[in-house]
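Engineer:
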Amino acid sequence: MSFYTVTKIILLLALWGAGGFAHMQMSKPLPIRSPLDLYPTGPVDYGYTNPLNASGKNYPCKGYEKDPFVSQAFYVPESSYETKIQGNAPHGGGSCQLSLSYDQGQSFRVIQSMVGGCGFNRTWPFKIPREAPPGEALFAWTWFNRIGNREMYMNCAMVTIGDAPDSWNDNKNVTNSPKFESLPEIFIANINGEGKCVTSEDQDVSFPLPGPKVIGKSDSKGYNCTEDAAFLDKSPTKQEPNPKNNSGQTTLHLSDLKLQIIPILFCLLVN
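In mature numbering (1 follows the signal peptide of the UniProt record, and there is no 0), the protein residues as written are -22 to -1, 1 to 249.
1. Whole angstroms are fine: how far does the CA of residue 175 sit from the CA of residue 209?
2. Just to check, is the beta-carbon of residue 203 closer than 8 Å to a non-hydrogen atom of the ligand FMN?
3. Run the CB neighbour count on residue 40, radius 10 Å, all protein chains shown included, and call it buried at 16 or more, exposed below.
4. To the nearest angstrom, how far is it from the Cα of residue 167 to the Cα of residue 36?
5. Assuming residue 274 contacts residue 55 (C-beta within less than 8 Å), just tell me the rounded distance between them.
6. Take residue 126 and list the residues in its own chain whose beta-carbon comes closer than 7 Å to its own, dropping the five residues that flank it on each side.
7. Can you give the Cα-Cα distance for residue 18 and residue 27, rounded to whole angstroms?
8. List the whole-angstrom C-beta distance separating residue 203 from residue 173, where the pair is believed to meet the contact cut-off of C-beta under 8 Å.
9. So, using beta-carbon positions, are residue 104 and residue 164 closer together than 9 Å?
10. Three-state secondary structure (DSSP) at residue 96?
11. Classify residue 67: buried if its beta carbon has 16 or more other beta carbons within 10 angstroms, exposed otherwise.
12. Can you tell me whether residue 180 is buried or exposed? The criterion is at least 16 other CB atoms within 10 Å of its CB, across all chains shown.
13. Please report the straight-line C-alpha distance between residue 22 and residue 88, rounded to a whole angstrom.
14. Cα separation between residue 185 and residue 91?
15. Below 8 Å on the Cβ atoms is my contact criterion, and I expect residue 95 with residue 171 to pass it. Report the Cβ-Cβ distance as a whole number of Å.
16. Who are the Cβ neighbours of residue 60 in its own chain at under 8 Å, not counting the five residues just before and after it?
17. Find the nearest neighbour of residue 197 within the set 31, 162, 183, 131, judged by alpha-carbon distance.
18. According to DSSP, is residue 115 part of a helix, a strand, or is it coil?
19. Classify residue 103 as helix, strand or coil using the three-state DSSP reduction.
20. According to the Cβ coordinates, are residue 131 and residue 2 closer than 9 Å?
21. Exposed or buried, residue 98, counting other C-beta atoms within 10 Å across all chains shown (16 or more means buried)?
22. Please give the ranges of any beta strand (DSSP E) in the region 27 to 99, keeping only runs that are unbroken, at least 3 residues long and fully inside the region.
23. For residue 6, report the span of its alpha helix (DSSP H) as first-last.
24. Alpha carbon to alpha carbon, how far is residue 205 from residue 62? Give it in angstroms, no decimals.
25. Between which residues of its own chain and residue 45 is the CB-CB distance below 6 Å, once the five residues before and five after are set aside?
26. To the nearest angstrom, report how far apart residue 20 and residue 49 are at their CA atoms.
27. Please report the straight-line C-alpha distance between residue 43 and residue 116, rounded to a whole angstrom.
28. Verify whether the separation of the beta carbon atoms of residue 75 and residue 190 is less than 9 Å.
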């Protein structure tokens, strides 16, 4: 075997080991059945970076939304926290949303949208809105990649929402919390779900109902739907600039470059 061939093999293995074929996953709070959990109390999903099935059969939460409740975080309304994402294939960035569900995934209400840069920015600050009532909840991160197959990623963590300060806590339970229910439902696409929406290649999704806080913006719509859906109703919202990525510009990322280089190296190797 020639030195040139050996060099190609080493480079190919190095790219593989660097996570060139991995996608992205939420690491904080730890999602249900996460392989990142050092002390799992149940089954572990070692394919956690995979997107949701295109048929929608494992929506929501990869089908884990009804697992036994094990809280991974304690949040208080009007307090600030951060969520973390890790992985090596940001697929050109894209847009994502953070949401809460109090009914085991039957509905998710948006608390924040991030338009553009979602695969690149690994830490996102967020605030639990004052509308969120106390109780057990699912905290969801949903992501629509900009480059690559038209997919929807969703990780869900079990969290506990504490009581808000008595001075403005008028949502004592979920069944009687009109303010929380007024928050928009999460955007769904690429999984044959409500609205039959499909995201657009090389565009960041501009969510029609982004929720109480939006980070970033895009000049493109980023999706097409053939049916009506609750999350498609439009409402005015304030957008904040994304300091790390101006969506609308295509950013080349090393990990995306890996996905293009590896097939080429493989062809060279077998020739």
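Think of the CB as a built atom: it goes at the ideal place given N, C-alpha and C, for glycine as much as any other residue.
Structural biologist: Looking at the coordinates:
1. The sequence position of residue 209 within the sequence shown is 231, counting from 1. The sequence position of residue 175 within the sequence shown is 197, counting from 1. Approximately 11 Å, taken between the alpha carbons.
2. Among the components of this structure there are no ligands whatsoever, and the ligand FMN is therefore not found.
3. Sequence index remark: in the sequence shown, residue 40 carries index 62 (1-based). So residue 40 counts as buried.
4. Mapped onto the sequence shown, residue 167 falls at position 189. Mapped onto the sequence shown, residue 36 falls at position 58. Residue 167 and residue 36 have their C-alpha atoms some 14 Å from each other.
5. Residue 274 cannot be examined here, being either before or after the span of the chain that is shown, -22 to 249.
6. Taking the first residue of the sequence shown as 1, we reach residue 126 at position 148. So the qualifying residues of the chain are 69.
7. As a position in the sequence shown, residue 18 is number 40, starting the count at 1. As a position in the sequence shown, residue 27 is number 49, starting the count at 1. Rounded to whole angstroms, residue 18 to residue 27 spans 17 Å at the Cα level.
8. As a working mapping, residue 203 is identified with position 225 in the sequence shown. As a working mapping, residue 173 is identified with position 195 in the sequence shown. Their Cβ separation, rounded to whole angstroms, is 4 Å, which keeps residue 203 and residue 173 in contact under 8 Å.
9. As a working mapping, residue 104 is identified with position 126 in the sequence shown. As a working mapping, residue 164 is identified with position 186 in the sequence shown. Result no, Cβ atoms of residue 104 and residue 164 do not sit closer than 9 Å.
10. Counted from its first residue, the sequence shown places residue 96 at position 118. In the structure shown, residue 96 sits in coil (DSSP, three-state: anything other than H, G, I, E or B).
11. One-based indexing of the sequence shown puts residue 67 at position 89. Buried.
12. The residue given as residue 180 occupies position 202 in the sequence shown. Flag for residue 180 reads exposed.
13. As a working mapping, residue 22 is identified with position 44 in the sequence shown. As a working mapping, residue 88 is identified with position 110 in the sequence shown. So the alpha carbons of these two residues sit roughly 27 Å apart.
14. If you number the sequence shown from 1, residue 185 lands on position 207. If you number the sequence shown from 1, residue 91 lands on position 113. In this model, residue 185 and residue 91 are separated by some 8 Å (Cα to Cα).
15. As a position in the sequence shown, residue 95 is number 117, starting the count at 1. As a position in the sequence shown, residue 171 is number 193, starting the count at 1. Between the beta-carbon of residue 95 and that of residue 171 there is about 25 Å, and that puts the pair past the 8 Å contact cut.
16. Mapped onto the sequence shown, residue 60 falls at position 82. The residues are 6, 101, 102, 103, 104.
17. Position 219 of the sequence shown, counting from 1, holds the residue named residue 197. Restricting attention to 31, 162, 183, 131, the CA atom closest to the CA of residue 197 is found in 183.
18. Indexing the sequence shown from 1 puts residue 115 at position 137. In the structure shown, residue 115 sits in a strand (DSSP, three-state: E or B).
19. As a position in the sequence shown, residue 103 is number 125, starting the count at 1. Residue 103: strand per DSSP, three-state reduction.
20. Residue mapping note: residue 131 aligns to position 153 of the sequence shown, counting from 1. Residue mapping note: residue 2 aligns to position 24 of the sequence shown, counting from 1. Yes.
21. Taking the sequence shown and counting its residues from 1, one reaches residue 98 at position 120. When all chains shown are included, residue 98 counts as buried.
22. Counting only runs of 3 or more, we get 58 to 65, 73 to 79, 87 to 92.
23. Taking the sequence shown and counting its residues from 1, one reaches residue 6 at position 28. No alpha helix (DSSP H) contains residue 6, which is instead part of the beta strand (DSSP E) from 2 to 6.
24. In the sequence shown, the residue the question calls residue 62 occupies position 84. In the sequence shown, the residue the question calls residue 205 occupies position 227. If you take the alpha carbons of residue 62 and residue 205, they lie about 33 Å apart.
25. To locate residue 45, count along the sequence shown from 1; it is residue 67. Within the same chain, and ignoring the five residues on either side of residue 45 in sequence, the residues whose Cβ sits closer than 6 Å to its Cβ are 10.
26. Residue numbering aside, residue 20 sits at position 42 when the sequence shown is read from its first letter. Residue numbering aside, residue 49 sits at position 71 when the sequence shown is read from its first letter. Rounded to the nearest whole angstrom, the C-alpha separation of residue 20 and residue 49 is 13 Å.
27. In the sequence shown, counting from the first residue as 1, residue 43 sits at position 65. In the sequence shown, counting from the first residue as 1, residue 116 sits at position 138. The alpha-carbon atoms of residue 43 and residue 116 are separated by roughly 8 Å.
28. Mapped onto the sequence shown, residue 75 falls at position 97. Mapped onto the sequence shown, residue 190 falls at position 212. No, these two residues do not count as a Cβ contact at 9 Å.
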